[in-house]
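J.: This is the structure I want to talk about, given as structure tokens.
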Amino acid sequence: MDHDLWTTVDEHLVATLLPHDPALDAALADSEAAGLPPIAVAPNQGKLLSLLVRISGARRVLEVGTLGGYSTIWLARGLGPGGSVVTLELNPVAAEVARANVDRAGVGDRVDIRLGRGADTLAEMVAAGTDPFDLVFLDADKEGYPTYLERALELSRPGTVIVADNVVRGGAVADPGADDPMALGIRHFLSQAGAHPRIDATAVQTVGTKGHDGFALLVVGEA
Ligand code: DHB
Ligand code: MG
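The working numbering numbers the first residue of the sequence shown as 36 and each following residue consecutively.
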């Protein structure tokens with residue numbers, strides 16, 4: 036495995052395809068300064084999220100796991116007029132950093148940050164009869180993915196796109212003896228996605244600045 040090469044290629048792709056973006060750089064710098072873990076999506080992954088929002092024509096986007104709002108900014112940038120992102124975060128420090136980051140990036144009017152346990156907030160949204168989301172991005176604690184998927188389905192319509200980050204985790208996903216709760220959460224999540232009659236899914240491995248990982252892409256079918 037050549038992490039240096041993956042990083043060099045990622046840097047080349049980003050330098051070639053993505054315009055320099057001071058608001059995104061500042062979002063990462065302020066996240067780091069606040070002591071948040073440096074685990075935001077890579078810039079080229081963030082751009083993929085933005086393009087998925089745009090391609091799907093999503094107007095209502097749900098994110099589980101805001102962290103410092105870096106991916107939130109990318110998601111919000113893909114929205115057409117009138118679109119919005121609801122993003123759920125457990126850590127109040129992260130939520131505060133994210134608020135400032137999305138505001139500085141000029142998308143604050145389209146972003147609703149809800150503080151609390153993701154599973155609780157999702158259950159509240161289901162109970163409140165919240166309108167379905169068009170695209171859901173799961174990027175919170177991996178142990179929680181199976182629950183997040185169940186709630187996300189209740190907040191979906193036929194055609195809703197669900198993207199899940201970190202589904203490979205250096206290969207742990209394919210280790211049947213894995214006892215790491217994060218790997219177990221991901222394995223359970225993928226089994227659910229594969230077996231669910233309403234879900235059509237794939238997952239793709241990635242290498243790059245974030246090492247060897249991957250994302251899953253799901254589409255929700257008729258109930
Ligand atoms: C890690 C990376 C992520 O993108 C994430 O959402 C959580 C954890 C990690 O590298 O540990
Ligand atoms: Mg992630």
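All residues carry an ideal CB built from backbone N, CA and C; glycine is no exception.
1) Using a threshold of 8 Å, is the CB atom of residue 100 nearer than that to any non-hydrogen atom of the ligand DHB?
2) Report the partner residues of residue 119 according to the DSSP bridge assignment.
3) Cβ of residue 174 versus every heavy atom of the ligand MG: is any distance shorter than 8 Å?
4) Just verifying my parser: in three-state terms, what is the DSSP assignment at residue 238?
5) Quick check: the stretch 192-211 against the stretch 228-242, are at least 3 beta-carbon pairs closer than 8 Å?
6) Grab me the residues of residue 188's own chain with a C-beta within less than 7 Å of its C-beta, minus the 5 sequence neighbours each way, in chain order.
7) Which residue wins for smallest C-alpha separation from residue 140, given the options 124, 110, 169?
8) Alpha carbon to alpha carbon, how far is residue 167 from residue 192? Give it in angstroms, no decimals.
9) Contact between the stretch 126-142 and the stretch 38-52: three or more CB pairs below 8 Å?
10) When the Cα atoms are used, what is the spatial distance from residue 173 to residue 247?
11) When the Cα atoms are used, what is the spatial distance from residue 45 to residue 170?
12) Using CA coordinates, which residue listed in 245, 226, 158 is at the minimum distance from residue 181?
13) With 16 as the cutoff for other CB atoms within 10 Å, does residue 90 come out buried or exposed?
14) Specify the secondary structure class of residue 101 as computed by DSSP and reduced to three states.
15) Using the Cβ count rule (16 or more neighbours within 10 Å means buried), how would you classify residue 57?
16) If you measure between the beta carbons of residue 137 and residue 107, is that distance less than 9 Å?
17) By how many angstroms is the C-alpha of residue 215 removed from the C-alpha of residue 41?
18) Nearer than 8 Å: is that true of the beta carbon of residue 74 relative to any heavy atom of the ligand MG?
19) If you run the structure through DSSP and keep just helix, strand and coil, what is residue 38?
20) Between residue 148 and the rest of its own chain, which residues show a CB-CB distance below 7 Å, the 5 nearest in sequence each way excluded?
21) Please name the residue, chosen from 251, 252, 258, 242, that lies closest to residue 77 on a Cα-to-Cα basis.
22) Could you check whether the Cβ of residue 200 sits closer than 8 Å to any heavy atom belonging to the ligand MG?
T.: The structure says:
1) yes
2) 95
3) yes
4) strand
5) yes
6) 233, 255
7) Measuring from the Cα of residue 140, the nearest candidate turns out to be 110.
8) 6 Å
9) no
10) Near 18 Å, if we compare the C-alpha coordinates of residue 247 and residue 173.
11) Inter-residue distance for residue 45 and residue 170 is about 26 Å (C-alpha atoms, whole angstroms).
12) 226
13) exposed
14) Three-state result, residue 101: coil.
15) exposed
16) Yes, the pair counts as a contact, with Cβ atoms nearer than the cut-off.
17) Near 26 Å, if we compare the C-alpha coordinates of residue 215 and residue 41.
18) yes
19) helix
20) 101, 122, 124, 130, 133, 134
21) Closest by alpha carbon: 242.
22) Answer for residue 200: yes, Cβ within range of the ligand MG.
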